[in-house]
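Undergrad: Structure in structure tokens, see below.
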Ligand code: ADP
Ligand code: MG
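Numbering (our numbering), first residue to last: 48 to 394.
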């Protein structure tokens, strides 16, 4: 058989058009944004009929608002009541809406070697990072020293199966480093239960992605710690959560020094040496807690903490711009611009 040149040309054009169409297949996305937990939450759903997507997004928002109300220790809430009772060091029955958060935090506290410590609510309040407006001056050195000497920790909490108490009156719970992750996990589970298979639940840049965006993976941009734009891009695989802790989220400057909201429980001061930590993991709550713990661990010690917490995909941006990564992260991340220095370290 002899094919004419024209026939081959037409075949090539048709193939090209098909390829073009496949590359550009429009995906119908449903999206809803709302402000909750001090951040902008955005829910994106792909490949789902409109009615189901709308119902799911409404339920998701309702759940977020419920968790915000329940877990905010600085407003009248179940957690605030718990903090009052913990300060009494007496036994009491803990609200079921908060109990799983406390139990899981106790375990994550142990695994992080005490670096993830939601019992530091007193320190957070002393610094003023709990207020809507950022503080303008650091608290007195003695006040920080006194609180650090009382060493409030998750290990001070006791459970008898039904009731709970703190042996240390300085324990004040603040789940600022964990609640967003836990909420993202719960809300995404809700979407899965409603039959949604392709979605992103994004809380201020921290997110869980499931499935795909039509015929391609979800593409996630990771913010640059300082300045504009993004540092790198990740394509998600299946069901993954990506959480970043950064010194740029809440901070103030005083006498030429920068003070941010991630505190080293050992010193009572903002953790030093790191600008941001990004963790990818299947469990959004763990990813959130680990990002905070690795931030406190610092540019030298983070691999040990990563191993102890069971996270394999990590990127740490040091204060000097050095990018530290695990091999599992280096293998998949794509940088917008080559970082000045890259150090690969195994957990
Ligand atoms: P982001 O606000 O960027 O999500 P994190 O997840 O790291 O940051 O959470 C920071 C918040 O967690 C702080 O605002 C404070 O409420 C609380 N926090 C600060 N230091 C610690 C710590 N060492 N362990 C647990 N929680 C902390
Ligand atoms: Mg965190």
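Don't be surprised by glycine CBs; every beta carbon is placed ideally from N, CA and C.
Restricting to Cα atoms, I'd like to know which of 380, 171, 81, 389 is closest to residue 277.
TA: Numbered from 1 along the chain shown, position 230 holds the residue referred to as residue 277. Residue 277 has its Cα closest to that of 380, out of 380, 171, 81, 389.
Undergrad: Would residue 107 pass as a contact of residue 234 if the rule is Cβ separation under 8 Å?
TA: In the chain shown, counting from the first residue as 1, residue 107 sits at position 60. In the chain shown, counting from the first residue as 1, residue 234 sits at position 187. For residue 107 and residue 234, yes; Cβs fall inside 8 Å.
Undergrad: Going by alpha carbons, who is nearest to residue 260 out of 243, 252, 271, 270?
TA: Within the chain shown, numbered from 1, the residue matching residue 260 stands at position 213. Of the candidates 243, 252, 271, 270, the one whose C-alpha sits nearest the C-alpha of residue 260 is 243.
Undergrad: Could you check whether residue 141 and residue 247 sit closer than 8 Å to each other, using their CB atoms as the reference points?
TA: For the purposes of this step, residue 247 is taken as residue 200 along the chain shown, with counting starting at 1. For the purposes of this step, residue 141 is taken as residue 94 along the chain shown, with counting starting at 1. Not in contact: residue 247 and residue 141 (Cβ atoms no closer than 8 Å).
Undergrad: Under 8 Å: do the stretch 197–205 and the stretch 295–306 share three or more Cβ pairs, one atom per stretch?
TA: no
Undergrad: Got a sec? Which residues, its chain only, sit under 6 Å from residue 171 by beta carbon, not counting five neighbours each side?
TA: Walking along the chain shown from the start, residue 171 turns up at place 124. Around residue 171: 177, 221.
Undergrad: Is the stretch 137–156 in contact with the stretch 253–273, if contact means three or more CB pairs nearer than 8 Å?
TA: Short answer: they don't touch.
Undergrad: Between residue 224 and residue 339, which are expected to be in contact by the criterion C-beta below 8 Å, what is the C-beta distance as a whole number of angstroms?
TA: Start at 1 with the first residue of the chain shown, and residue 224 comes out as number 177. Start at 1 with the first residue of the chain shown, and residue 339 comes out as number 292. Yes, they are in contact, since the Cβ atoms of residue 224 and residue 339 sit about 4 Å apart, within 8 Å.
Undergrad: Helix, strand or coil for residue 117? Go by DSSP, reduced to three states.
TA: As a position in the chain shown, residue 117 is number 70, starting the count at 1. Residue 117 carries a helical assignment under DSSP once its states are collapsed to helix, strand and coil.
Undergrad: Among residues of its own chain, excluding the 5 on either side of residue 79, which ones have a beta-carbon nearer than 6 Å to its beta-carbon?
TA: Counted from its first residue, the chain shown places residue 79 at position 32. Cβ neighbours of residue 79 beyond the five flanking positions: 90, 104.
Undergrad: Quick check on the DSSP output: the beta strand (DSSP E) that includes residue 80 runs from which residue to which?
TA: Along the chain shown, read from residue 1 onward, the residue named residue 80 stands at position 33. Here the beta strand (DSSP E) through residue 80 covers 76–83.
Undergrad: Between which two residues does the alpha helix (DSSP H) containing residue 195 stretch?
TA: Here the question's residue 195 lines up with position 148 in the chain shown. First-last of the alpha helix (DSSP H) with residue 195: 188–197.
Undergrad: Would you check if the distance between the CB atom of residue 333 and the CB atom of residue 363 is smaller than 8 Å?
TA: Stepping through the chain shown from its first residue, residue 333 is reached at position 286. Stepping through the chain shown from its first residue, residue 363 is reached at position 316. In this structure, residue 363 does not lie closer than 8 Å to residue 333 by Cβ.
Undergrad: When you measure from the CB of residue 292 to every non-hydrogen atom of the ligand MG, does any distance come out below 7 Å?
TA: On the chain shown, residue 292 is found 245 positions in, with the first residue counted as 1. Checking the Cβ of residue 292 against the ligand MG gives yes.
Undergrad: Which residues does DSSP pair with residue 201 in a beta bridge?
TA: Locating residue 201 in the chain shown gives position 154, counting from the first residue. Residue 201 is not bridged to any residue.
Undergrad: Alpha carbons only, please: which of 131, 162, 114, 327 is nearest the one belonging to residue 286?
TA: Sequence index remark: in the chain shown, residue 286 carries index 239 (1-based). The shortest Cα separation from residue 286 among 131, 162, 114, 327 belongs to 327.
Undergrad: Flag residue 309 as yes when its Cβ comes closer than 7 Å to any non-hydrogen atom of the ligand ADP, and as no otherwise.
TA: Looking up residue 309 in the chain shown gives position 262. Correct: residue 309 has its Cβ closer than 7 Å to the ligand ADP.
Undergrad: Quick one: residues in its chain with C-beta nearer than 6 Å to the C-beta of residue 282, no 5 flanking neighbours on either side, listed in chain order?
TA: Along the chain shown, read from residue 1 onward, the residue named residue 282 stands at position 235. Closer than 6 Å at the Cβ level, and outside the excluded window around residue 282, lie 264, 266.
Undergrad: Using alpha carbons as the reference points, say which of 367, 92, 336 lies closest to residue 353.
TA: Taking the first residue of the chain shown as position 1, residue 353 is located at position 306. Nearest option by C-alpha distance: 336.
Undergrad: In this structure, what does DSSP give as the bridge partners for residue 317?
TA: Residue 317 sits at position 270 when you count from the first residue of the chain shown. DSSP output for residue 317 lists 310 as bridge partner(s).
Undergrad: Which word fits residue 367, buried or exposed, when buried means at least 16 other C-beta atoms lie within 10 angstroms of its C-beta?
TA: In the chain shown, the residue the question calls residue 367 occupies position 320. Exposed.
Undergrad: Exposed or buried, which one is residue 163 when buried takes at least 16 other CB atoms within 10 Å?
TA: Within the chain shown, the letter at position 116 stands for residue 163. Its Cβ being crowded by 16 or more others within 10 Å, residue 163 is buried.
Undergrad: According to DSSP, is residue 219 part of a helix, a strand, or is it coil?
TA: Looking up residue 219 in the chain shown gives position 172. If DSSP states are grouped into helix, strand and coil, residue 219 belongs with the strands.
Undergrad: If I measure Cβ to Cβ from residue 365 and keep anything under 8 Å in the same chain, skipping five residues before and after, which residues do I get?
TA: Translated into positions along the chain shown, residue 365 becomes position 318. Excluding positions up to five away in sequence, the list reads 320, 321, 322, 346, 371.
Undergrad: With DSSP as the reference, label residue 253 as helix, strand or coil.
TA: Numbered from its first residue, the chain shown carries residue 253 at position 206. Looking at residue 253 - three-state DSSP - the assignment turns out to be strand.
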